[in-house]
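Below: the structure, in structure tokens.
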Amino acid sequence: MKNRRTFIKNSLGLAAGLAVAKVGQAGSFLGNTSVLAFQFAQEPLAYGFNALEPAIDAQTMQIHYERHYGAYVKNANEAIAAENVQAADAATIFKEIDKYSAKLRNNAGGAYNHAYFWKTLRAPKADNKPTGKLASAIDKAFGSFDKFKEEFTKAATQQFGSGWAWLVVDAGKLKVGGTPNQDNPLMKGVALQGKPLLGLDVWEHAYYLKYQNKRPDYVAGFWSVVNWDEVQKQFSAT
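Residue numbers (mature numbering (1 follows the signal peptide of the UniProt record, and there is no 0)): -21 to -1, 1 to 217.
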């Protein structure tokens, strides 16, 4: 009986301690938002590394996803912690990006851009085109889907050095342009502003193993793996 009473007493004490700890955590959250501050996660792929072949080869996808994307996520979260960033989401960080270090800018951009890039890709599809309201909006903004492809391809192939090509919507208007390094159109001060709908990574690590220095060939292959259903979804949400 004595052992049983001791066990019950200790169990009650442990439960009380946990309750106090939970209250303490809640109090810390209310007083200091850093307890639950935003951090990036390495989002899982919805397909295998070889799913985008022949447009994007499996080895490139694996290295790109595991090493490059993984490093951006890790380094972005290190910078968020080191700089005590109080933000609810990535968009909030980007709106105030000029307040933070180059490490945070480059790696937060890399983490966000790649997560979005993976989401807007799928297995190759013949005659891959948008449909519905997005197709109509593209025709209205650029004259035709082929004209849009020409402008997007120009932005991708003429981006000097490393960077991205984007289709964005800004105040209801579709626009195409490029950003250097890991910048994106959500960042304060970037020339191309708007909500990203489609992005293409034109850093050499995205294509060099298969295409070497032939970036135009990489861009041409990209059109077969665009997930237009996801792009439409993002467009519909604007």
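Using N, Cα and C, we set each Cβ at its ideal position, and we do this for glycine too.
Original post:
What three-state label does DSSP hand Gly49 in the structure shown?
Top reply: helix
Original post:
Per DSSP, Gly156 forms a beta bridge with which residues?
Top reply: Trp145
Original post:
With C-beta atoms as the reference, is Gly89 less than 8 Å away from Met166?
Top reply: no
Subject >> Endpoints, the alpha helix (DSSP H) within which Lys74 is located >> reply: Ala69 to Lys74
Original post:
Just to confirm, are Pro109 and Gln211 a CB contact at a threshold of 8 Å?
Top reply: yes
Original post:
In the DSSP assignment, what are the bridge partners of Asp106?
Top reply: Answer is none; Asp106 lacks a bridge partner.
Original post:
According to the Cβ coordinates, are Val198 and Leu171 closer than 8 Å?
Top reply: no
Subject >> Touch test, the segment 187 to 203 against the segment 150 to 162, Cβ-Cβ under 8 Å, three pairs minimum >> reply: no
Original post:
Would you call the CB atoms of Asn92 and Asp208 closer than 8 Å?
Top reply: no
Original post:
Using the C-alpha atoms, what's the distance from Leu31 back to Tyr51?
Top reply: 22 Å
Original post:
For Asn63, does the count of other Cβ atoms within 10 angstroms reach 16, so buried, or fall short, so exposed?
Top reply: exposed
Subject >> Host beta strand (DSSP E) of Gly178 (start-end) >> reply: Lys174 to Asp180
Subject >> Cβ neighbour criterion (16 or more within 10 Å) applied to Asp162 >> reply: buried
Original post:
Using DSSP with H/G/I as helix, E/B as strand and the rest coil, what is Leu113?
Top reply: helix
Original post:
Would Ala55 pass as a contact of Phe17 if the rule is Cβ separation under 8 Å?
Top reply: no
Original post:
Among Thr39, Ala37, Pro33 and Tyr95, which has the Cα closest to the Cα of Glu22?
Top reply: Tyr95
**OP:** Closer than 7 Å by C-beta to Lys82: which residues in its own chain qualify, once you throw out the five before and the five after it? Chain order, please.
**Re:** Asn54 and Ala58
Original post:
Would Pro175 be called buried (16 or more neighbouring beta carbons within 10 Å of its own) or exposed?
Top reply: buried
**OP:** Leaving aside the five residues before and after Thr217 along the sequence, list all residues of the same chain whose C-beta is less than 7 Å from its C-beta, in chain order.
**Re:** Val148 and Lys174
Subject >> Boundaries (first-last residue) of the alpha helix (DSSP H) holding His93 >> reply: Ala81 to Lys98
**OP:** Would you list, in sequence order, the uninterrupted beta strand (DSSP E) runs of no fewer than 3 residues that lie entirely inside the segment 161 to 215?
**Re:** 174 to 180
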